[in-house]
Amino acid sequence: MSDARAAFDAAWREAQAALQRNDAAAALAPLQRCLQWQPQQPGLWLQTAVSAFQAGRVPLALQLLRDAARRWPDDIVIRFHEAYLQELGGDAVAAAEGYRAVLQRDAAHADALRNLAGLYARGGDAVAALPLLQRLIALRPAETDLRVSAAELALQSGDAATAQSLAQSALDQSPQHAAALRTLARAARQRRDLDTALPALQRAVDATPDRAGLLADLGQAQVEAGEFDTGIATLQRAAALPDPQQRTIAWLGALTLPALMDSEDAVDAARERFAVRLEQIHAELRLDTPAQIEAAYAAICRVLPFPLHYQPRDNRAPGRRFGELVQRIMRAAGGALAEPPLPRRAAPRLRVAFVSAELREHTITRYFGRWLEELDPARFERWAFHCGNVSDATTASLAARVDTFRHLPLPPLQVAAQIRAAAPDVVVLLDVGMDPAMHALAALPLAPRQYLAYGHPVTSGLDGFSGFLSGDALEVPAADAHYHEPLIRLPGLGALPRRPSLSPPLRETVRSAHAMPQLLCLQSLSKLVPSFDTTLARLARETGACIGFFTGAAGVQPLERRFLARLGAAFAAQGLVPERHLQLRPRTAYADYLAQIAAADLVLDTPWFCGGATSLDTCHVGVPVVTWPGEFLRSRQTAGMLRLLESPQGIATTEDEYIAAAVHLLDDSDANAALRRRLREHAPRLFDAGAGLAALAGVLETGRITA
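In the working numbering, the protein residues as written are 35 to 741.
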């Protein structure tokens, strides 16, 4: 044996003995000597690098792996470990680049797929992480936890359907997997698939009955299914269990409202309960310690009485009282963020920040996306802050057309800090009232001037806004009293809707005299108040019509069945067979949806809370619509559209007028056909900027509408 070989063997034995003692530092020096004698062994470089890392010598470990990678550029084992050590050392960017390089050489490298997916997920990029885990599942189909992790990523990506499928596949392998049950339930709830969510949550609760969060999820799902009393009882049981989120659960139980109103008496009872519980919360709320403030802040970011404004009542007082609760908490939690920001120095362009949780394919971008895109870039520096989890092609299109885009799926205080750091001159919040976190964010002063658009067409009940941006075609003369904010009436609809890209052929054929009239009601079932049931039943009795409604994406669910039972009772009271006159249609692709509207004899709008985007669709395809506007904006959009189109024939002010207008448009085929042509001809007016964009620009620059 040569001297060099003997020296190598001695150093090797010394290193292995140290490693057996878990003493990487002692192993490092003999391993380095081994490298000097036999540098041609890639495994030796790898072991030396790992020992250096374990000994705390991170720079040395990475240098050893870089040197090895230069010697063996195609060795993916070395490249993988270099990336892994970079990840452990905190260099996520370099680690991700390394994992991608490994996957370019070996697309089925399981550890690189897993680690890169983990990097993306921890960095908040669930969209990039999900396909990597899906590839890993194909390689290792028996790993149930992989399916659960992928389902969670799909939820974070906004793909609830994929999340539900992945979670179900995990349960197919392991029927009692607790995390899979919870994820399945969350995904199914997002898709309004309560027939799946409710039993999954019940199974999860049965397995771990002392978990308050699970019990609260079950209670909320029961309320969403129309089982209001059962859901409230479940939420109260959850609030009695010890849990870090006990305040949140208690407030959910106190302030939740029915998803579907069973009767006018039930409406009044729910409102009374809500008012009493809200006053109790006000009276008991203490914000004297950091712990009290943190608990209240966590709760108010989860609680919002969204169904309040579906109730057929004047909701200004309870809405304002809830706004006062939000304001109290956010002022306490906000610290310096609760103080008004100072104006920035004058600049050539006004910096305007548009803020929304729905800068994606959504009614919000359909109504207001063109504001961001079409304001004069020579006058306005347009910023967009997207606070929701879901992004899509619409998000990317908006991001490309504004000056600065930020995706901030973060809690309200963190979002507020980033908006304030951008120092906007003006902030426009597009959808306050639709999401609890957005409502909490709106309670903070984000800019010297702050406006509210009517993405949710009701007053916010919050202080500090410079104005509520509405449309003069939508408001009654006395509407200023409807808002806690100063009302600003922009021309026309106020918004600048995006015209549908699809146009089904205008229906020219006339229904035969003996055919059953086909009517559609396009609204969410929660908008159909109990008092309207008799109106629909009377209309069906007088015309013999079949009235169709659309289900959600998950098809017929408990809420739809409950709605049909309630409405069917009104039809039976009129001597009608409900099954003959009522129809639930499955939700379909947008093109088919427009085609179904175009084929209808008439569209029926809802009183108290009317259509918005659905009425734009109806006018666009040229179908007569009957509407019943009331005092408040939330009931007046459709009527405003019809007046702008010089087609007021379907506007009613009483139940009798509503039925008479519908009967006339069904009986007089010539009038129906003429109105279709007029609507189709004039519909472009709804999507024409006209004076609206100029008026908005004036408000943003001066605080008022300028001539």
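Backbone N, C-alpha and C fix where the C-beta goes; we use that ideal spot for every residue, glycine too. The model shown is predicted, which means the values in this text are computed figures rather than measured ones.
Query raised in the report: Skipping 5 residues on each side, what residues in its chain have a beta carbon closer than 8 Å to that of Leu406?
Result: Phe388, Arg416, Ala418, Leu432, Arg435, Val436
Query raised in the report: So what's Glu415 in DSSP terms, helix, strand or just coil?
Result: strand
Query raised in the report: Applying the criterion that 16 or more other CB atoms from any shown protein chain within 10 Å of the CB defines a buried residue, is Gln210 buried or exposed?
Result: exposed
Requested in this report: With a threshold of 16 other CB atoms inside 10 Å of the CB of Glu594, please say whether the residue is buried or exposed.
Outcome: buried
Requested in this report: In the DSSP assignment, find the alpha helix (DSSP H) that holds Leu406 and state where it starts and stops.
Outcome: 397-408
Report task. Using alpha carbons as the reference points, say which of Arg711, Leu638, Arg404 lies closest to Phe566. Result -> Leu638
**Report entry** Closest by C-alpha distance to Arg385, when choosing among Ala38, Pro458, Phe666
**Finding:** Pro458
Report task. For the beta strand (DSSP E) holding Leu463, just list the boundary residues, first then last. Result -> 460-463
Query - Residue span of the beta strand (DSSP E) that contains Leu167, given as start and end - result: Not the beta strand (DSSP E): Leu167 falls in the alpha helix (DSSP H), residues 160-173.
Query raised in the report: In whole angstroms, what separates the C-alpha of Ala571 from that of Phe597?
Result: 14 Å
Requested in this report: Would you decide whether Ala412 is buried or exposed? Buried here means 16 or more other CB atoms lie within 10 Å of its CB.
Outcome: exposed
Query - Nearest to Ala367 (by Cα), restricted to the options Phe356, Thr323, Glu408, Phe340 - result: Measuring C-alpha to C-alpha distances from Ala367 to each of Phe356, Thr323, Glu408, Phe340 identifies Thr323 as the nearest.
Report task. Could you spell out where the beta strand (DSSP E) holding Arg483 opens and where it closes? Result -> 483-487
**Report entry** Distance, Val161 Cα to Ala126 Cα
**Finding:** Approximately 17 Å between the Cα atoms of the pair.
Query - Pair within 8 Å by beta-carbon distance, Pro479 and Gly498 - result: yes
Query - Contact belief for Arg67 with Ala83 at Cβ below 8 Å, rounded distance in angstroms - result: Going by Cβ atoms, the distance from Arg67 to Ala83 rounds to 15 Å, so no, they are not a contact pair.
Requested in this report: Count the C-beta pairs between the segment 547-555 and the segment 527-537 that are closer than 8 Å, then say yes if the count reaches three, no if not.
Outcome: no
Query raised in the report: In this structure, what does DSSP give as the bridge partners for Ala661?
Result: First, the amino acid is wrong: residue 661 is Thr here, not Ala. Its beta-bridge partners are Ile685.
Report task. Could you give the DSSP three-state label for Arg385: helix, strand or coil? Result -> Strand, per DSSP.
Requested in this report: Rounded to whole angstroms, what's the CA-CA distance from Ala487 to Phe583? Just pull it up for me.
Outcome: 29 Å
Requested in this report: Determine the contact status of Leu312 and Arg362, defining contact as a CB-CB distance below 8 Å.
Outcome: no
Requested in this report: State the beta-bridge partners of Ile581 as determined by DSSP.
Outcome: Leu553, Leu616
Query raised in the report: Counting Cβ pairs closer than 8 Å, one from the segment 331-339 and one from the segment 455-472, do we hit at least three?
Result: yes
Query - C-beta contact flag for Leu6 and Gln683 at 8 Å - result: Residue 6 falls outside the range modelled here, since the chain spans only 35 to 741, and no answer is possible.
**Report entry** For Phe356, the first and last residue of its enclosing alpha helix (DSSP H)
**Finding:** 350-368
Query raised in the report: Assuming Gly152 contacts Ser500 under a Cβ cut-off of 8 Å, what Cβ separation, rounded to an integer in Å, is found between them?
Result: Their Cβ separation, rounded to whole angstroms, is 45 Å, which puts Gly152 and Ser500 out of contact at 8 Å.
Query - Three CB pairs or more closer than 8 Å across the segment 240-254 and the segment 596-614 - result: no
Requested in this report: May I ask you to verify whether the segment 706-725 touches the segment 654-661, counting CB pairs closer than 8 Å and requiring at least 3?
Outcome: Taking a cut-off of 8 Å for Cβ pairs, the segment 706-725 and the segment 654-661 touch, as three or more such pairs fall below it.
Requested in this report: Measure the Cβ-Cβ separation of Asp465 and Gly489 and say whether it is below 8 Å.
Outcome: yes
Report task. Pull up the DSSP beta-bridge partners for Ile522, would you. Result -> Ile522 pairs with Leu503.
Requested in this report: Using DSSP bridges, identify the partner residues of Thr438.
Outcome: Trp417
Query raised in the report: Quick one: Cα of Ala686 to Cα of Leu676, how far?
Result: When rounded, the distance between both Cα atoms is 12 Å.
Requested in this report: Helix, strand or coil for Gly589, going by three-state DSSP, please let me know.
Outcome: Gly589 falls in the strand class under three-state DSSP.
Report task. May I have the straight-line CA-CA distance separating Ile739 from Pro520, to the nearest angstrom? Result -> 13 Å
Query raised in the report: Would a C-beta distance cut-off of 8 Å place Leu96 and Gln120 closer than the cut-off?
Result: yes
Query - Own chain partners of Gln557 with C-beta closer than 7 Å, once the 5 adjacent residues on each side are dropped - result: Thr640, Gly645, Thr648
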